[in-house]
Structure formats: structure tokens, C-alpha cells
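What follows is a single structure, written as C-alpha cells, with notes after it.
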Amino acid sequence: MAEIIHLREPVDERLHERLHERLARAREAAGNVVDPEVPVLTIEDLGVLREVRFAGEVVEVVITPTYSGCPAMDLIALQVDLALEKAGFASRKVTLSLSPAWTTDWMSEAGKEKLRAYGIAPPVGRAKGRGALFGVDEIPCPHCGSAETERVSEFGSTACKALWRCRACREPFDYFKCI
Ligand SMILES: [Zn+2]
């Protein structure tokens, strides 16, 4: 009957709105957690934040570590939990998802821009391509933009970065490796 349908709609809508609001709030709280190794990047920028969902009153946040065995990940899980608590979520769960493995392809364009501004060359190319595995020829310098750069070492300040140097401005820089 039309009357019944009419009565039910506002209720459904309110429920839907409430869920939507809670999801947005949880996603914002979790997404704003920064990477301890690259503090300018949030886990949202990195694509480490995979999913935020609710099972009843329990909010579950799924994160995928950037590099397996990355010691930063325990810290990130703890920070996500704290952020959710601060946002008012009493029941929460942080789940690590290892498959599919994280790839630099998940990094947002905003994240790459932030990396560059921070002085770290963002990953170039797609991780899925074979070429990316064996080094990219051209990593533009994050300081001056020159393509006249060379790799100094496979490892930079952390395992996920390589140390490069610019031949134009002579500045060394970290390159966030493409994986
Ligand atoms: Zn340069």
C-alpha cells in the first residue's frame, strides 16, 4: 500500500544517512593517519587504507602494508586504532590484508605531489610493467625537475627508497621505488 511505502522511506533514509555519516567519519579518522617513514603522506595518500566497513557497531579498517615486514606497519595499525577511538568509535578492529600486495600504483596523485614537494621523487611508471622492476631510466629531480639524474644506491634512507643524485642541481634525493 502506498501509505506504508511512504512511511518507511524516511526511516530508511535516516538509517542510511547515519551509516553514511559514520563511514565518512571513520574513513576520515583512519585516512588521516600519516606514514611514520614519510610523515607528509597519509595512509589514504599511500593507498594503504583499503577499506572501512561496519559490522553492526564494530568499525573495521583494512590496511595493506606497503612493504612486507615493514616495521612501520604495527605503528600504523596502532595509530589507526587510536584515531578511531578519538573519533568516538568504541568498537573497532584493524585488519591487515596482505593479498593483493600493496603497489605504488595505489598511491594517489595528491600523494605523489606531496612527495615531490617534500623532496622525494615519487614512483615513476606503473608497477605492473616489467620495466619498472629493473629500474626506470629517467627519474626527474624533485628539486629542480631536471631529468639529468643518476642512481647512487639501491637503498636510500629506508628500504623502500633508493638514493639518487641530480647532475643539474647536484642535490641528492630519495626515490620512492616503484613496486
Ligand atoms: Zn635537480
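Numbered per my numbering, the sequence shown spans residues 117 to 295.
Just so it is clear, CB atoms sit at the ideal spot from N, CA and C, and this is done for glycine as well.
Keep in mind that this is a model prediction, so the values were computed, not measured.
Ligand 2 and residue i: does any heavy atom of the ligand fall closer than 6 Å to the residue's C-beta?
i	result
Ser262	For the structure depicted, ligand 2 is absent and the ligand set comprises only ligand 1.
Does any heavy atom of ligand 1 sit closer than 6 Å to the C-beta of residue i?
i	result
Cys294	no
Ala284	yes
Cys257	yes
Tell me the DSSP bridge mates of residue i?
i	result
Lys209	Glu176
Glu229	Answer is none; Glu229 lacks a bridge partner.
Ile236	Asp290
Phe271	The partner list for Phe271 (beta bridge, DSSP) is empty, contrary to what the question assumes.
Thr265	Cys282
Ala171	Val174
Val150	Thr158
Lys277	Phe292
With a threshold of 8 Å on Cβ separation, who are the neighbours of residue i within its own chain once the five nearest residues in sequence on each side are excluded?
i	result
Thr211	Glu176, Val177, Val178 and Ile179
Ile159	Ala146, Gly147, Val149, Val150, Asp151, Leu165, Ile179, Ile192 and Val196
Ile236	Val154, Pro258, Lys277, Phe289, Asp290, Tyr291 and Phe292
Leu135	Phe170
So, for residue i: in the same chain, excluding its five sequence neighbours on each side, which residues have a beta-carbon less than 6 Å away from its beta-carbon?
i	result
Leu249	At Leu249 the pLDDT is 48, less than 50, meaning the model places this residue with poor confidence; the figure from the coordinates comes in the next sentence. Closer than 6 Å at the Cβ level, and outside the excluded window around Leu249, lies no residue.
Gly247	Reliability fails at Gly247, whose pLDDT of 47 lies under 50, so the model's placement of it is uncertain and the value that follows must be treated cautiously. Answer for Gly247: no residue qualifies.
Arg143	Val168
Glu270	Ala278
Glu287	His259
Answer yes or no: do residue i and residue j have a C-beta to C-beta separation smaller than 7 Å?
i	j	result
Ser224	Asp161	yes
Lys101	Pro216	One cannot answer for residue 101 here, as it falls past the ends of the chain, which runs 117 to 295.
Thr182	Trp218	yes
Arg141	Ala203	yes
Ser207	Glu254	no
Going by beta carbon distance, what residues of the same chain come within less than 7 Å of residue i, once the five residues before and after it are set aside?
i	result
Lys230	Val156, Leu157 and Asp161
Ala226	Asp161
With a threshold of 8 Å, are at least 3 pairs of Cβ atoms found where one atom belongs to the segment 253-263 and the other to the segment 275-293? yes
Report yes or no: do three or more beta-carbon pairs, one from the segment 202-219 and one from the segment 159-174, lie closer than 8 Å? Below 8 Å, enough C-beta pairs join the segment 202-219 and the segment 159-174 to call them touching: three or more.
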